[in-house]
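Read the structure below first, then the notes.
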């Protein structure tokens, strides 16, 4: 999100928060979020894909709601209104093609109406088919999860993205030699898919409360958290949405402060650090060990201020409309061990993985009684952290980053077990030293991990490690 | 009721404070903030002025001569007792487009460690892209305070046309400096020329100055990368070579071969520079690409029809000999293959040829002193 989009989002949130109450507030938030899905979507070289990609997001949201809601729920008044808002706005955005000289919500001209009517028809058919199937075959929900994961893998894998782009270009008679993995930039899909998988899994386990379509759709594509999270839980979000909200002076002030802090973190601190932060080019250009450490520290703080700045902005804007999004960062670089770091870094993502992968995985592996505990632990940590790495991108370096942290968490766990019976001390000075030492060690372990995260190739990471150790 | 948001008063107060701050900034805009610099203290000074726009160059162009000088190694280098300080003035060929700092003329002269007048010559690259004598005079005038023993001024005909003098962005955005130069050296230019961007009151407010202020900060941040990498320019793997085939066009800035070239040239600015500060100066007619391609009988290169450049050489010869100035006419020194993306940009080998001649001239100057 750029400054203009943030500014307009703040203004829109102020207006909706101040002027609407009850159900209309939900409808307005849904409408704003639907518009934001299109407006925030960056332009892609494939014709009209800046319209089709957001439309697919909304189709997936609608489809998931239909298959997770009660039979016939769509006939309820609020759900019909929600459906009308989504369909109406998609149609409106497409009709701007005929009514305005230049596109103003999408970046390029939307497709012809006939194609959009076809898309509505196809979506209605898919929704109808899968909804019917889901009532009869439990596997339909799993099938939808597999579909979401498959899309995520394609989008996150440079090779698969490139091949998919070539396929689309071939189908639309566009030159394939200019195809790129960046052709399929799908704004917010990492977050949309994880919210959808969360509700699908909760539906499977019977933990999902009944949500109306406007509540559900607003939760998944809520405009402040669309691009960079956090990943809220549906039931918590819906609770806020159902509350009778009237903005107070204190609440507005707090929201404003949070937005101002976020803007400063992102656009002043992070963007300045970005100029000197580690990247593929700098990795080979930096001449001395000292400067390589400085460049790495710059990246370490840049990624924190960038991400946590966006989170602050999202939380602040959401507060203006009465939604208290969960925190995502709590001073992670000041934590004395890696477990605490991960409890305070991108918290909503780690909680998601804990709930939907780590805990089920542990339950599953504990079924094998003959496997030693430490292997169970190692496998759980490595698998979880590797998956978190893959969520950022299907590349070798992201896997290495995941393994780095998986091993780190495992070793820290073993060390804690070992040390607590042998090195317990009541000496406060020694405790302080150990605490500060833990913070420094954890910080540097995380910073060194970013060497994998920031660079595209293992060979570049190796080069940087050698330079950091003054071995080049 | 008391806890209801009072947004309007807050926004009104914020707006008022911002408007006041914005206009209170006007006196600040006249302070030479560009002189505040992390270069030459936290970071080493740059070997050449900041210039460029490619993000991988860790460099960019700005119109603040104070900041440009403050980032230059010249400002942070105390003159040693055995240093013979030579300033190179010129355009992008001196600055060194597509060349690393070591490959530029200044870099190659420094690596030769030329003995000059009983000392060792330390050569400073004060070249700056864009061809205009006024820009070069502006840089030279500012540089005189750093105790030069000699100035070597490399010029080419394209710097001379009167119509080009205020066209350089650095010149156009420094109207006060231009006014002072015109007054100090009694130049012919009009200080109120519309080509100069005279700042209005609004232009001096914080809102208008925000870009310039951000540039000053960005320049300091890039100091870290200059220090870390020594890179100050983007070097593309491939570039378009200088043009060698031309249209049958014999015009030079609208002038036909029958025109009087001297009337169109800013020889007054050259005169001012050659006499500035009573510092010994060598004028160099820098090498140009001499094409053998289509219509090369009409034009030497993209810039020059043959008649204009031939006349220009005669003018410079007559000008320097009549005033007893040191002059090197090196226009045909470098073969066509040793030019890169322009008719005046040289390869490292071409620069070495030029450095050889300029180095000899510096030594000869001392020998004849």
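Protein chains in written order, with my numbering: chain U, 1274 to 1745; chain P, 29 to 397. Every residue, glycine too, gets a C-beta built ideally from N, C-alpha and C. Only a predicted model underlies this, so the values are computations on that prediction, with no experimental measurement involved.
For a cut-off of 8 Å, the C-beta gap from residue 333 of chain P to residue 291 of chain P is around 17 Å, too long to register as a contact. Beta-bridge analysis with DSSP links residue 180 of chain P to P:116, P:310. With its beta carbon at least 8 Å from every one in chain U, residue 45 of chain P lies outside the interface. DSSP places residue 1455 of chain U in no alpha helix (DSSP H); its state is neither H nor E.
Beta-bridge analysis with DSSP links residue 283 of chain P to P:280. For residue 1523 of chain U, the closest of U:1593, U:1542, U:1499, U:1562 by C-alpha to C-alpha distance is U:1593.
DSSP places residue 201 of chain P in the coil class of the three-state scheme, outside both helix and strand. Contact between the stretch 376 to 388 of chain P and the stretch 132 to 151 of chain P is present, with at least three C-beta pairs closer than 8 Å. Taking a beta-carbon distance threshold of 8 Å, residue 252 of chain P counts as an interface residue toward chain U. Residue 1387 of chain U is not a Cβ neighbour of residue 1311 of chain U, given a cutoff of 8 Å. Annotation for residue 1707 of chain U: the continuous alpha helix (DSSP H) segment containing it runs 1701 to 1727. Counting along the chain, residue 1492 of chain U sits inside the alpha helix (DSSP H) bounded by residues 1486 to 1494.
Going by beta carbons, residue 1549 of chain U and residue 1576 of chain U fall outside the 8 Å limit. Three or more beta-carbon pairs drawn from the stretch 1661 to 1677 of chain U and the stretch 1726 to 1741 of chain U are found closer than 8 Å, and the two stretches are therefore classed as touching.
Between residue 1427 of chain U and residue 1434 of chain U, the beta carbon gap of about 6 Å places them in contact (Cβ cut-off 8 Å).
Under DSSP, residue 333 of chain P takes part in a beta bridge, and its partners are P:327.
In this structure, DSSP gives residue 357 of chain P an extended state, which the three-state scheme calls strand. For residue 1341 of chain U, the uninterrupted alpha helix (DSSP H) run begins and ends at 1322 to 1341, by DSSP.
From the beta-carbon of residue 1559 of chain U, the residues of chain P found nearer than 8 Å are 256, 257. By the neighbour-count definition (other C-beta atoms within 10 Å, threshold 16), residue 361 of chain P is a buried residue. Here the alpha carbon of residue 1602 of chain U sits roughly 53 Å from the alpha carbon of residue 117 of chain P. Uninterrupted alpha helix (DSSP H) stretches at least 4 residues long and entirely within the stretch 94 to 139 of chain P occur at 120 to 123, given in chain order.
As a beta-bridge residue in DSSP terms, residue 374 of chain P pairs with P:367.
Scanning the stretch 35 to 76 of chain P for uninterrupted alpha helix (DSSP H) segments of 4 residues or longer gives 35 to 52, 54 to 57, listed from N- to C-terminal end. A distance of 8 Å or more separates the beta carbons of residue 103 of chain P and residue 160 of chain P. In the structure shown, the three-state DSSP call for residue 1632 of chain U is helix. Per DSSP, the unbroken beta strand (DSSP E) holding residue 148 of chain P starts and ends at 147 to 153. Using a Cβ distance threshold of 8 Å, residue 221 of chain P and residue 194 of chain P count as a contacting pair. Distance from the CA atom of residue 1596 of chain U to the CA atom of residue 68 of chain P, rounded to whole angstroms, is 51 Å. Residues of chain P with a Cβ closer than 9 Å to the Cβ of residue 1548 of chain U are, in chain order, 83, 86, 246, 249, 250, 252, 253.
At a cut-off of 8 Å between beta carbons, residue 1705 of chain U makes no contact with chain P. At least 8 Å separates the CB of residue 1282 of chain U from every CB of chain P. When the five nearest sequence neighbours on each side are left out, the beta carbons in the same chain lying within less than 6 Å of the beta carbon of residue 294 of chain P are those of 161, 188, 190, 193, in order along the chain.
Residues of chain P with a Cβ closer than 7 Å to the Cβ of residue 1545 of chain U are, in chain order, 249. In the three-state scheme derived from DSSP, where H, G and I count as helix and E and B as strand, residue 143 of chain P is classed as strand. Contact with chain P is absent for residue 1279 of chain U, since none of that chain's Cβ atoms lies less than 8 Å from the residue's Cβ.
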